[in-house]
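Its first residue numbered 202, the sequence shown is counted upward by one per residue in my numbering. For each residue, glycine too, the CB sits at the ideal point set by N, CA and C.
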Amino acid sequence: MKRILQLLFVNFLFIIPAMAQPVTQKKSTNNIGIDVAAGIQVPVGNFSSTHVAGIGIGVSPSYHTVGLFSKMKVAFTYNGGVAYYLGKKEKVSGYPYTYPGYFFVHAFAGALFIPSKEITVSFTAGPALGIYNGNTQFQFGSNLELNYHLTNKVSVGPGIIFMKESGADPLWAALVKATMSF
């Protein structure tokens, strides 16, 4: 009997606080989802001498794009994506040569600044992989983007990408992208 009373007492310690919790409203489904972005990326600087325009796709949370503009001005964000840059063709000693394509795969985290209802600015940085000519290198990268929201589900904007691997000069690319929220 003493054992049963002890079990009942322990159960009440967990059940009573759980029942005393306030009822929370279900979150709106408009604030949950993902952003999928696709765009054209153009190498700049030294990177442009070996590669031409590429394409990129990225994924990030979309909770910040709908419904929080009046409540927040700065938020945490993260994103991941992949970009592929086509190699340029040139003649070397009279023979044609095509530089291999370059893949850039990233997983970044950072801050999102919301200056107005229509505009968001994000700066993210973190680890990345550069894949060139069959060789994979660990890298550090960052991304600065501006988004102009045409609607709650569609935005467009420019950005700049920084890619750096140890022992090499940094690579830069400018981008223009369109984003769709799901």
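Item: Nearest residue (CA-CA) to Gln242, options Ser367, Asn344, Ala326; Value: Asn344
Item: Close beta carbons around Val357, own chain, < 8 Å, minus the five adjacent residues each side; Value: Asn348, Tyr349, Leu351, Val377, Lys378, Ala379, Thr380
Item: Coarse secondary structure for Phe383, derived from DSSP in three states; Value: coil
Item: Meets three-Cβ-pair contact criterion under 8 Å: the stretch 324–334 and the stretch 302–311; Value: yes
Item: Classification of Gln338 by the beta-carbon crowding that lies within 10 angstroms, buried from 16 upward; Value: exposed
Item: Closest residue to Val275 among Thr321, Val253, Asp236 (Cα-Cα distance); Value: Thr321
Item: Host beta strand (DSSP E) of Ala239 (start-end); Value: 235–245
Item: Residues near Glu319 in its chain [Cβ-Cβ closer than 7 Å; skip 5 each side]; Value: Tyr349, His350
Item: Where Ser261 falls: helix, strand or coil (DSSP); Value: strand
Item: Through-space distance from Tyr300 to Tyr279, alpha-carbon basis; Value: 32 Å
Item: Whole-number beta carbon distance between Val260 and Leu287, since they are thought to touch under 8 Å; Value: Not a contact, Cβ separation roughly 23 Å.
Item: Contiguous beta strand (DSSP E) assignments of at least 3 residues, all confined to the stretch 346–373; Value: 355–366
Item: Local conformation of Ser317 per DSSP, three classes; Value: coil
Item: Bounding residues of the beta strand (DSSP E) (the contiguous stretch that carries Phe277); Value: 275–288
Item: Any non-hydrogen atom of the ligand MN closer than 7 Å to Gly255 Cβ; Value: The ligand MN is not part of the structure shown, which contains no ligands of any sort.
Item: Residues sharing a beta bridge with Ser343, DSSP; Value: Ala326, Phe363
Item: Check whether Gly255 and Tyr285 have beta carbons under 8 Å apart; Value: yes
Item: Own chain residues within Cβ distance below 6 Å of Ala375, not counting five before or after; Value: Val243, Val245, Ile361
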